[in-house]
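Q: Pasting a structure here, questions to come.
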Amino acid sequence: SAGCAIGIGNVWKFPYVVGQYDGGAFVLVYLFFLLIMGIPVMTMEFSLGRASRKSPARLYQALEPKGTKWHIHGYAAVIGNYLLMMFYTTVTGWMLNYFVSTATGKFEGLDSAGVAQHFDEMQLDGGSMVLYMLIVVAIGFIVCSFGLKNGIERITKFMMLALLGIMLILAVHSIFLEGGGKGLAFYLMPDFKRMADAGIINVISAAMNQAFFTLSLGMGAMAIFGSYIDKKRSLLGESVNVALLDTFVAFVSGLIVLPACFAYNVEPGAGPGLIFITLPNIFNNMPMGRLWGSLFFIFMSFAALSTIFAVFEGIISCTMDMFGWSRKKSCAVNAVALSVLSLPCALGFNLLSGIQPFGAGSTIMDFEDFLVSNIILPIGSLIFILFCVSKKGWGWDNFVHEANTGKGIKVKRFMRGYMT
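Just so you know, we're using our numbering here: the sequence shown kicks off at 8 and counts up by one.
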């Protein structure tokens, strides 16, 4: 579950959203929502999964009162998983592309402008974008075909530890860059005047959406892992552990990227390309930078893949439940489906760049991200909560009994009013 939560939402998306919404005040609001909304919703998702032992497509049927229609959300959750993967596979392809570029020395000798130009050229190369996306889809379904323990967990554990180690080294390096102090202040010192300039409602909305996005809440990704959790641990405690790990990785990624923005004169609000136009500058200006850069991007690719494994696992389980397919058949059919569904995003920066859903400069990826982050995740989370607190749903007593089974932090009775 931590592997699912820790991915490009932390290292790719978190720094650029912080940059777009003016730093420290956004971080403060984000942490607030993570605590008051993220952890309770994750506990509910885990509980629904463990109680039903079903995929998101079928968990409501196992738990809902007869004659109710809660299960309709199960199908919406499945659609949300597909939508997320339609752009997540492309960004993971960027990570793999940058590993190859760094390892082969393509960034050596480039200044800040040259590094930014490389990112633009990569996006304009439609063939390369599609190729790396297809490689990501293939890796994801091949690993998932071996099952959870033998495939996902074995690979994820080692890679997450390796990524955390290299990120800490890079964070220390960034903090001491010349000019990095301004980036550190931008990141860690809340400036409510800047928050007001960005629009208080905009900052609050973006922070809440990021809290849901980073924990993969609202579309059943955590419920699928809940269905595999045994009864030895209480689920609020497990949610706290995942959220702490997730927040730590996001926080450290900010320490790497934002001081580097100010050190190398990169605009912190540059958007989705931010880490790709800041990190090569760091590696170009540190001893053995090519080695460090190669290690970072390969480990980052595995962090992104860990989320892909997790969401693919949810998709595979749902189609196995809905159609009675074997794991191998579900993997094969979905590999073809997601290869096709991911094409618009991969081609949205080149062949399909004329499609600009939100006006000049916007892309198909922006539209897909908007649907997932602003609609499917928050509304899905709301439905999970209503199902757990409502007498017409699963009900509070059933939720608390499931969540509190095992050792660890318990859901308290007084929380009912708050969660409702």
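Note that CB positions come from ideal geometry on N, CA and C, so glycine has one too. Keep in mind the model is a prediction, meaning the values are calculated, not measured.
What are the uninterrupted segments assigned as beta strand (DSSP E) that are 3 or more residues long and contained completely in the stretch 74-149, given in chain order?
A: The qualifying runs do not exist here; there are none.
Q: Who are the Cβ neighbours of A169 in its own chain at under 7 angstroms, not counting the five residues just before and after it?
A: In the sequence shown, residue 169 corresponds to position 162, counting from 1. Correct list, in chain order: F306.
Q: Check whether the Cβ atoms of Y67 and G81 lie closer than 8 angstroms to each other.
A: Sequence index remark: in the sequence shown, residue 67 carries index 60 (1-based). Sequence index remark: in the sequence shown, residue 81 carries index 74 (1-based). Cβ distance < 8 angstroms, so Y67 and G81 count as in contact.
Q: If you run the structure through DSSP and keep just helix, strand and coil, what is K414?
A: In the sequence shown, counting from the first residue as 1, residue 414 sits at position 407. In this structure, K414 counts as strand in the three-state DSSP scheme.
Q: Please report how far the alpha carbon of F219 lies from the alpha carbon of L41, in whole angstroms.
A: Taking the sequence shown and counting its residues from 1, one reaches residue 219 at position 212. Taking the sequence shown and counting its residues from 1, one reaches residue 41 at position 34. Their Cα atoms are separated by approximately 8 angstroms.
Q: Can you tell me the Cα-Cα spacing of V273 and F374, whole angstroms?
A: On the sequence shown, position 266 is the one that residue 273 refers to. On the sequence shown, position 367 is the one that residue 374 refers to. About 25 angstroms.
Q: Can you find at least 3 beta carbon pairs, one from the stretch 229-237 and one from the stretch 250-258, that sit closer than 8 angstroms?
A: Contact between the stretch 229-237 and the stretch 250-258 is absent, because fewer than three Cβ pairs lie under 8 angstroms.
Q: Could you give the first and the last residue of the continuous alpha helix (DSSP H) run that contains K453?
A: It is not possible to answer for residue 453, since the shown part of the chain is limited to 8 through 427.
Q: Let me check understanding here. Comparing Cα to Cα, which of F199, F309 and P275 lies closest to G187?
A: Reading the sequence shown from its first residue, position 180 is the one you call residue 187. Nearest C-alpha to G187: P275.
Q: Would DSSP call R240 helix, strand or coil?
A: In the sequence shown, the residue the question calls residue 240 occupies position 233. R240: strand per DSSP, three-state reduction.
Q: State buried or exposed for I208, treating a residue as buried only when at least 16 other CB atoms are found within 10 Å of its CB.
A: The sequence position of residue 208 within the sequence shown is 201, counting from 1. I208 is exposed by the Cβ-count criterion.
Q: Could you check which residue in S333, H180 and A230 has the C-alpha nearest to that of A317?
A: Position 310 of the sequence shown, counted from the start, is the residue given in the question as residue 317. Nearest of S333, H180 and A230 to A317, Cα basis: A230.
Q: Name the two residues that bound the continuous alpha helix (DSSP H) containing N216.
A: Numbered from 1 along the sequence shown, position 209 holds the residue referred to as residue 216. Counting along the chain, the alpha helix (DSSP H) containing N216 begins and ends at I207 to T221.
Q: Looking at the ligand SAM, does it come within less than 7 angstroms of F199, judged from the CB to the closest heavy atom?
A: This structure lacks the ligand SAM; in fact it carries no ligand of any kind.
Q: Relative to the alpha-carbon of L281, which residue among I322, L298 and P266 has its alpha-carbon at the smallest distance?
A: Looking up residue 281 in the sequence shown gives position 274. Nearest of I322, L298 and P266 to L281, Cα basis: P266.
Q: Would you kindly report the start and end of the unbroken alpha helix (DSSP H) that includes K189?
A: Taking the sequence shown and counting its residues from 1, one reaches residue 189 at position 182. Note, K189: alpha helix (DSSP H), G187 to L195.
Q: Taking 8 angstroms as the threshold, find out whether the stretch 353-362 comes into contact with the stretch 118-132 through three or more Cβ pairs.
A: Yes, the stretch 353-362 touches the stretch 118-132.
Q: Can we say the stretch 326-339 touches the stretch 191-202, given the rule of at least three CB pairs closer than 8 angstroms?
A: With the cut-off at 8 angstroms, the stretch 326-339 and the stretch 191-202 do not touch.
Q: Using a Cβ-Cβ cut-off of 8 angstroms, state whether A58 counts as contacting chain C.
A: Of the protein chains in the structure, only one exists, and it is not chain C.
Q: Give me, in chain order, the residues of the same chain whose beta-carbon lies closer than 8 angstroms to that of V340; leave out the 5 immediate sequence neighbours on both sides.
A: Taking the first residue of the sequence shown as 1, we reach residue 340 at position 333. Contacts found: T326 and W332.
Q: Evaluate D376 with the Cβ neighbour count: other Cβ atoms within 10 Å of its Cβ, from every protein chain shown; 16 or more gives buried, anything less gives exposed.
A: Indexing the sequence shown from 1 puts residue 376 at position 369. D376 should be labelled buried.
Q: Give a yes or no on whether the C-beta atoms belonging to V396 and M372 are separated by under 8 angstroms.
A: On the sequence shown, position 389 is the one that residue 396 refers to. On the sequence shown, position 365 is the one that residue 372 refers to. No.
Q: Please confirm if the stretch 411-422 is in contact with the stretch 242-252, defined as three or more CB-CB distances below 8 angstroms between the two stretches.
A: Contact holds: three or more Cβ-Cβ distances are below 8 angstroms.
Q: Please work out which residues of its chain come closer than 8 angstroms, Cβ to Cβ, to F421, disregarding the five sequence neighbours upstream and downstream, and give them in chain order.
A: Locating residue 421 in the sequence shown gives position 414, where the first residue counts as 1. So no residue of the chain qualifies.
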